[in-house]
Amino acid sequence: MSKLVRQPAAGSPSTSPDDAYEVVQHPQSKLLELTTRMLHLSALPDDSLDRPDTGSQEPSCVRWLLSRGVLEHIPGDGFIACSALATSVGVPEEQLSDVVGAAILCGFLRGPVAGHVAHTRSSASLVFCKSFLGWLRGTSSVPMPILLEVLSATLAGETGDGNKPATSNMALGGATGSFPNGVRHDGSLAAASSDDAPANVATTFPNKSQKPPAEHLDGVSSQVQPPLAPASDERPVLIIGAGISGLCLAQALRKVGIPFKVFERDSAIDSRPQGYRLKLRQDAEVALAESLPQDVYQHFLASCAILAVGETDFNPFTGEVTKSRAGGGLSGKLGLSPSHTVDRTVFRSILMKGIEDRVFFSRQLASYTANEDQSGGGGGGGVVVTFTDGERAEGRFLVGADGLHSVVRPGLLPEHRIKDTGAACVYGKTPLTPELAARFPEKGLRWMTVVADQAPMLQSFHIGDAPATLLTEPTRFSEESRARYRLPQDYVYWVLIAPQTRFGAGGGLTSPTPKAGNSTGPNQQQTAAAVAAEAAARLSLAVTEEWHPSLRSVFELQDTRQATFVPIISSVPDIPAWEPSAVVTLLGDAIHPMSPCGGVGAQTAICDAAALAKVLDEARGSPSAGDVGRFEEGMRRRARGSIAQSEIGSKTMFGLGSLEECKPWASN
1 MSKLVRQPAA
11 GSPSTSPDDA
21 YEVVQHPQSK
31 LLELTTRMLH
41 LSALPDDSLD
51 RPDTGSQEPS
61 CVRWLLSRGV
71 LEHIPGDGFI
81 ACSALATSVG
91 VPEEQLSDVV
101 GAAILCGFLR
111 GPVAGHVAHT
121 RSSASLVFCK
131 SFLGWLRGTS
141 SVPMPILLEV
151 LSATLAGETG
161 DGNKPATSNM
171 ALGGATGSFP
181 NGVRHDGSLA
191 AASSDDAPAN
201 VATTFPNKSQ
211 KPPAEHLDGV
221 SSQVQPPLAP
231 ASDERPVLII
241 GAGISGLCLA
251 QALRKVGIPF
261 KVFERDSAID
271 SRPQGYRLKL
281 RQDAEVALAE
291 SLPQDVYQHF
301 LASCAILAVG
311 ETDFNPFTGE
321 VTKSRAGGGL
331 SGKLGLSPSH
341 TVDRTVFRSI
351 LMKGIEDRVF
361 FSRQLASYTA
371 NEDQSGGGGG
381 GGVVVTFTDG
391 ERAEGRFLVG
401 ADGLHSVVRP
411 GLLPEHRIKD
421 TGAACVYGKT
431 PLTPELAARF
441 PEKGLRWMTV
451 VADQAPMLQS
461 FHIGDAPATL
471 LTEPTRFSEE
481 SRARYRLPQD
491 YVYWVLIAPQ
501 TRFGAGGGLT
511 SPTPKAGNST
521 GPNQQQTAAA
531 VAAEAAARLS
541 LAVTEEWHPS
551 LRSVFELQDT
561 RQATFVPIIS
571 SVPDIPAWEP
581 SAVVTLLGDA
591 IHPMSPCGGV
601 GAQTAICDAA
611 ALAKVLDEAR
621 GSPSAGDVGR
631 FEEGMRRRAR
641 GSIAQSEIGS
651 KTMFGLGSLE
661 ECKPWASN
């Protein structure tokens with residue numbers, strides 16, 4: 001991958017050569033101050049953090065930042081929000097903000113934007129020149145009187161023999177390099193080099209094995225470069241896919257003012273069935289609260305269905321209750337119970353609020369070209385996407401949020417492993433009518449209901465006949481919500497999960513999601529979706545033909561237009577790492593599809609979108625490969641837990657063996 005040559009971002013507070021650093025106007029005094037600070041840091045006793053009476057707030061802050069590895073998490077080519085930094089380091093945000101604020105006041109760090117932090121040359125020296133930090137720590141072997149004498153002489157601006165400060169010689173050796181974030185040296189900096197006699201340094205530091213700071217500061221040059229040109233209206237962030245994750249990301253970018261465009265293969269937001277409900281836990285709620293504009297977030301909260309937590313299990317053949325419990329049990333105590341229930345179609349409509357003019361339908365991606373070589377100039381690398389209709393779009397950064405049948409994924413990760421579990425599910429909705437209330441078991445309309453159809457013992461033993469599982473849950477909306485928003489009729493959401501052999505291999509059905517290269521017009525797509533929905537509804541009736549009539553009523557009274565047959569495809573939990581790109585990434589099902597048996601697919605994708613939005617915000621839509629790599633590392637870690645949870649559920653619900661042992665999925 002070619003090295004990115006970064007260009008300064010116009011108007012960015014981190015790149016102005018006039019006001020970003022005093023060091024441009026006063027190179028010698030600034031570098032002298034740097035060395036003085038570092039000597040002061042080395043001279044203080046180790047317990048200075050706990051001794052505010054020392055009057056040395058800056059060294060105390062620096063030691064705290066060093067001991068917790070905070071400086072390494074501050075990007076060298078931009079700035080980071082204190083909230084994101086606290087999360088990366090794993091320390092309380094309030095504590096980190098206090099220390100960082102003190103370090104900014106001291107001048108050791110910069111605060112280019114409220115609530116954000118960036119490197120100065122002093123802090124960058126510690127991060128990008130490890131030997132300099134080693135030298136500082138090594139000064140502990142120098143007798144304290146000598147070290148303090150040097151410190152005092154430096155602060156006084158003279159040495160005992162009247163020469164210029166010896167430490168200026170040490171520090172100014174670094175003036176030949178590049179300063180952080182594009183404040184580069186020029187002729188005035190070069191002319192500012194010191195004529196101090198090397199003997200002064202040798203006398204002050206008798207340990208010949210220790211190098212003076214100048215030699216270490218030389219190694220800092222050119223390691224911190226200015227940021228790439230940010231995303232713009234001409235080169236926005238391009239999001240492929242207007243599903244939940246793509247729209248959440250778009251809203252987050254809208255909130256922070258980063259230009260974007262969303263391209264969706266479907267002809268409209270409601271061109272095919274997507275009506276099943278979503279249950280979101282607290283971490284997804286937090287992600288939405290952080291990333292969505294306030295009006296959109298409040299709309300989301302007000303549109304949520306009434307939440308009822310509990311489970312009732314039924315025998316499929318007798319219709320009798322076998323188990324029942326209110327509340328979340330142990331999972332509730334562990335914080336794993338959902339905090340919100342939302343209708344998927346309603347949620348997507350809410351996520352379209354305010355960005356309708358930036359979401360383009362009937363745009364099936366055909367290919368993309370990524371340019372990570374910026375040696376030719378032009379404001380930085382980027383991407384050009386081409387659609388099946390021949391139209392093209394150019395952007396600064398590309399996000400593949402295009403689901404299981406992603407076109408972005410094979411271009412970025414051609415060897416990515418995805419498994420075919422051999423199972424499938426039929427999703428559906430049944431209106432909560434008086435007829436359903438009369439026929440379906442009353443205890444099955446309170447909260448989650450589970451019906452497990454286990455194969456007879458001999459069939460299971462001899463031919464491996466696997467179970468089928470039905471999950472149902474009523475979705476009801478409050479009168480208050482209905483008075484404010486357009487919401488669907490109350491309904492029972494259900495999903496029937498089984499090996500594809502129980503579905504007759506799907507009867508030739510596949511997921512209604514259009515595949516790459518199969519772009520169709522609105523009428524053809526809607527017709528195909530309607531035919532597929534009718535077929536999926538018939539499958540649900542066929543698989544449950546021996547069930548008790550009371551339970552089967554949920555299929556007999558279903559809205560057949562809403563049925564959807566979906567093969568269950570999944571990544572393995574341990575997703576291999578890949579070399580990150582500065583211009584393209586993936587999120588959601590495009591990179592880590594998972595079985596619905598864990599109920600955390602949408603939740604994980606929402607958290608992906610929020611995490612990526614933070615990265616793009618901090619880089620103004622123009623992240624480095626390192627920025628993207630850190631996001632992808634967190635995404636893989638998040639997906640690992642979600643996929644593992646889904647795998648456990650799959651073993652119970654349809655008899656999955658192991659994802660690692662499943663055959664590779666062949667996209668068709």
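Residue numbers for the sequence shown follow full-length UniProt numbering, beginning at 1 and rising by one. We treat Cβ as the ideally placed atom computed from N, Cα and C, and that holds for glycine. Nothing here was measured: the structure is a model prediction, and the numbers come from that model.
query                                                                                                     : result
Alpha-carbon spacing of Asp98 relative to Ser123, whole angstroms                                         : 17 Å
Span of the alpha helix (DSSP H), counted from its first residue to its last, around Phe347               : Arg344 to Leu351
Buried versus exposed call for Ile418 [16 or more other C-beta atoms within 10 Å across all chains shown] : buried
Per DSSP, the bridge partner or partners of Lys323                                                        : Asp313
Which of helix, strand or coil DSSP assigns to Ala666                                                     : coil
Residue nearest to Val492 in terms of C-alpha spacing, selected from Arg482, Ala305, Pro236 and Ser367    : Ala305
Burial state of Lys614 (16 or more Cβ within 10 Å)                                                        : buried
Given Val296 as reference, the closest of Thr318, Gln500, Phe347 and Phe317 once Cα atoms are compared    : Phe347
Chain D within 8 Å of Arg110, Cβ atoms only                                                               : No chain D appears in the structure shown, which is made up of a single protein chain.
Same chain, Cβ closer than 7 Å to Pro92, neighbours up to 5 away in sequence not counted                  : Ala86
Where Thr407 sits in the DSSP three-state scheme                                                          : This sequence places Val at residue 407; Thr is not what is there. Three-state result, Val407: coil.
Strand pairing of Arg277, partner residues [DSSP]                                                         : Asp343
Contact set for Pro236: own chain, Cβ-Cβ below 6 Å, skip 5 residues either direction                      : Pro259, Phe260, Lys261 and Gly395
Local conformation of Gly428 per DSSP, three classes                                                      : strand
Run of the alpha helix (DSSP H) containing Arg636, from where it starts to where it stops                 : Ala625 to Phe654
Backbone CA spacing between Asn371 and Gly381 [nearest angstrom]                                          : 5 Å
Residue range of the unbroken alpha helix (DSSP H) whose run includes Ala437                              : Pro434 to Arg439
Residues sharing a beta bridge with Lys614, DSSP                                                          : BP columns for Lys614 are empty, so no partner.
Straight-line gap, Asp574 to Pro549 (C-alpha atoms, nearest Å)                                            : 43 Å
According to DSSP, residues forming a beta bridge with Ala370                                             : Val383
Collapsed DSSP secondary structure at Phe300 in the structure displayed                                   : helix
Residues near Ser339 in its chain [Cβ-Cβ closer than 7 Å; skip 5 each side]                               : Leu280, Arg281, Gln282 and Glu285
Three-state class that DSSP yields for His119 in the structure shown                                      : strand
Separation of Cys597 from Glu661, as counted between CA atoms                                             : 18 Å
Where the beta strand (DSSP E) through Asp453 begins and ends                                             : Met448 to Asp453
Option nearest Glu442 by Cα separation, candidates Glu545, Thr469, Leu551 and Leu109                      : Leu551
Environment of Pro623 [buried if 16+ CB atoms lie within 10 Å]                                            : buried
Residues bridged to Ile497 [DSSP beta-bridge criterion]                                                   : Cys425 and Thr469
Delimiting residues of the alpha helix (DSSP H) encompassing Thr87                                        : Cys82 to Val89
Whole-angstrom C-beta distance between Ala498 and Ala468, which should lie under 8 Å                      : 4 Å
Inter-residue Cα distance where the pair is Thr604 and Tyr427                                             : 20 Å
Classification of Phe440 by the beta-carbon crowding that lies within 10 angstroms, buried from 16 upward : buried
Residue range of the alpha helix (DSSP H) that includes Ile244                                            : Ile244 to Val256
Reference Ala610, options Gly588, Val89, Ser362 and Asp389, closest by Cα                                 : Gly588
Burial state of Lys663, where buried means 16 or more other Cβ atoms lie within 10 Å                      : exposed
Best match in Leu432, Leu404 and Pro414 for proximity to Pro576 [C-alpha to C-alpha]                      : Pro414
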